[in-house]
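All remarks here apply to the structure that follows.
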Ligand code: NDP
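In this note's numbering, the protein residues as written are 82 to 407.
Pasting the structure below:
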């Protein structure tokens, strides 16, 4: 079935400037870590991607090893690009990363120039693209000089294989050094991608202030704590959920009684505000304008639709914010 995008898609979404760059990102972006591998249903994944684009989501986030198997999310996304979205490439921001385990041997993991640049070439090949918009170092590597890892990102930008450089999972002190090196190399860091949600607030301890001062954007990953910050685990572990699947990164043990107590408490706030817990979790992140984009995952079109409505949320009262403390 041929695809024609929704005409009013840009009216459905708010866009935020990424740090002090010229690039705007949608307030909500879609990540393809889970749900788009060869183990998943391609037709369903395609529907989710196209629904996202129809809703004004211009940014799709990938990494070399998303699947499973590794590489398959990029291949499947490449197929959607080729068959449905090829006419809209200039309306899309596509990111990929390298830094975690990808192929055997000493050159398929961590932060060397050898690994990052070979991996980027492989990602481009799988997606059928001449360049990505953002190329990330997926995590800091204490065994590789930061100058080498940042040098690889800058080379990716200067060679035209990436438009912007990004870093992910870097603590504030390493991030500060990385920003300085990238600036010197003429490829300033566009964006940092940290884990940030109601349950994981480490970025508030210095990183957000640093990003603001440096003019670097922030895209918050796992904003729903992989599904824990939705209504789905309030009454056990449902069939097909990430905590129930053998290939899911969320383990049933992660849903501890202490976590459940918080989820139940925050769910009460959500109900009082007329939101679902998922919507509350997303709008809580978006209240900070330094958060450029909230990077959600979605297994179904229904989940995506529910999450997108987080944008319509009323502002938080002081009382609500107090009730949402950890
Ligand atoms: P989320 O925290 O948004 O979790 C997404 C999952 O939550 C869905 O797959 C679904 O799981 C469940 N869910 C989503 N919406 C709903 C809803 N409305 N109702 C019920 N359940 C819902 O994000 P992810 O953990 O998937 O991460 C998002 C993206 O962030 C990734 O795709 C990736 O791009 C990026 N990321 C980056 C990392 C990094 O190191 N840089 C690490 C991890 C992620 P279910 O199957 O249970 O239905």
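Where a beta carbon is used, it is the ideal one built from N, C-alpha and C, also for glycine. What you are looking at is a predicted structure, and each value in this text was computed from that prediction instead of being measured.
Beta-bridge partners of residue i, as assigned by DSSP
{"i": "residue 360", "result": "In DSSP, residue 360 forms no bridge with anything."}
{"i": "residue 175", "result": "141"}
{"i": "residue 273", "result": "248, 299"}
{"i": "residue 216", "result": "177, 246"}
{"i": "residue 97", "result": "106"}
{"i": "residue 375", "result": "109, 301"}
{"i": "residue 204", "result": "The partner list for residue 204 (beta bridge, DSSP) is empty, contrary to what the question assumes."}
{"i": "residue 278", "result": "281"}
Contact test: residue i Cβ vs the ligand NDP heavy atom, cutoff 8 Å
{"i": "residue 311", "result": "yes"}
{"i": "residue 122", "result": "no"}
{"i": "residue 357", "result": "yes"}
{"i": "residue 175", "result": "no"}
{"i": "residue 377", "result": "yes"}
{"i": "residue 114", "result": "yes"}
{"i": "residue 323", "result": "yes"}
{"i": "residue 255", "result": "no"}
{"i": "residue 245", "result": "no"}
{"i": "residue 147", "result": "yes"}
{"i": "residue 220", "result": "yes"}
{"i": "residue 155", "result": "no"}
{"i": "residue 354", "result": "no"}
{"i": "residue 329", "result": "yes"}
{"i": "residue 335", "result": "no"}
{"i": "residue 439", "result": "Outside the modelled stretch of the chain, which goes from 82 to 407, sits residue 439, for which no answer is possible."}
{"i": "residue 107", "result": "no"}
{"i": "residue 387", "result": "yes"}
{"i": "residue 128", "result": "no"}
{"i": "residue 303", "result": "yes"}
{"i": "residue 343", "result": "no"}
{"i": "residue 364", "result": "no"}
When the options are compared against residue i, the one with the closest alpha-carbon
{"i": "residue 192", "options": "231, 263, 340", "result": "231"}
{"i": "residue 212", "options": "203, 154, 362", "result": "203"}
{"i": "residue 208", "options": "156, 236, 226", "result": "156"}
{"i": "residue 356", "options": "389, 341, 182", "result": "389"}
{"i": "residue 175", "options": "182, 152, 158", "result": "158"}
{"i": "residue 153", "options": "387, 115, 196", "result": "115"}
{"i": "residue 282", "options": "296, 303, 268, 196", "result": "303"}
{"i": "residue 92", "options": "125, 392, 254", "result": "392"}
{"i": "residue 143", "options": "195, 163, 167, 219", "result": "219"}
{"i": "residue 27", "options": "215, 151, 172", "result": "The structure shown does not extend to residue 27, since the chain spans only 82 to 407, so no value can be given for it."}
{"i": "residue 315", "options": "241, 135, 121, 359", "result": "359"}
{"i": "residue 167", "options": "85, 113, 121", "result": "85"}
{"i": "residue 261", "options": "228, 236, 287", "result": "228"}
{"i": "residue 238", "options": "266, 255, 396", "result": "266"}
{"i": "residue 257", "options": "236, 121, 138, 294", "result": "294"}
{"i": "residue 172", "options": "179, 188, 140", "result": "140"}
{"i": "residue 307", "options": "299, 319, 324", "result": "324"}
{"i": "residue 343", "options": "268, 329, 310", "result": "310"}
{"i": "residue 225", "options": "244, 197, 246, 247", "result": "197"}
{"i": "residue 111", "options": "102, 121, 137, 119", "result": "137"}
{"i": "residue 182", "options": "162, 160, 149", "result": "149"}
{"i": "residue 341", "options": "364, 377, 312", "result": "312"}
{"i": "residue 317", "options": "247, 399, 394, 338", "result": "338"}
{"i": "residue 404", "options": "345, 83, 179", "result": "345"}
{"i": "residue 362", "options": "178, 244, 109", "result": "109"}
{"i": "residue 122", "options": "321, 369, 370, 234", "result": "321"}
{"i": "residue 177", "options": "161, 223, 187, 244", "result": "244"}
{"i": "residue 279", "options": "165, 364, 160, 188", "result": "364"}
{"i": "residue 247", "options": "254, 240, 268", "result": "268"}
Closer than 9 Å to chain C by CB, residue i
{"i": "residue 108", "result": "Included in the structure is just one protein chain, with no chain C present."}
Residues near residue i in its chain [Cβ-Cβ closer than 6 Å; skip 5 each side]
{"i": "residue 297", "result": "100, 270, 273"}
{"i": "residue 277", "result": "284, 301"}
{"i": "residue 366", "result": "301, 304, 372, 375"}
{"i": "residue 275", "result": "284"}
Neighbourhood of residue i by C-beta distance below 8 Å, restricted to the same chain and skipping five residues each side
{"i": "residue 105", "result": "96, 97, 98, 99"}
{"i": "residue 242", "result": "201, 202, 205, 211, 212, 213, 216"}
{"i": "residue 252", "result": "221, 288"}
{"i": "residue 381", "result": "125, 129"}
Close-in-space but distant-in-sequence residues of the same chain around residue i (CB under 7 Å, 5 per side omitted)
{"i": "residue 385", "result": "129, 132, 133, 379"}
{"i": "residue 87", "result": "135"}
{"i": "residue 179", "result": "145, 196, 197, 200, 201, 219"}
{"i": "residue 336", "result": "309, 314, 324"}
**Study point:** beta strand (DSSP E) runs contained entirely in the stretch 115-166, provided each spans 3 or more residues
**Key:** Those beta strand (DSSP E) runs which fall completely within the stretch 115-166 and span 3+ residues are 140-142.
**Study point:** 4 or more residues per run - each alpha helix (DSSP H) lying fully within the stretch 295-356
**Key:** The qualifying runs are 338-354.
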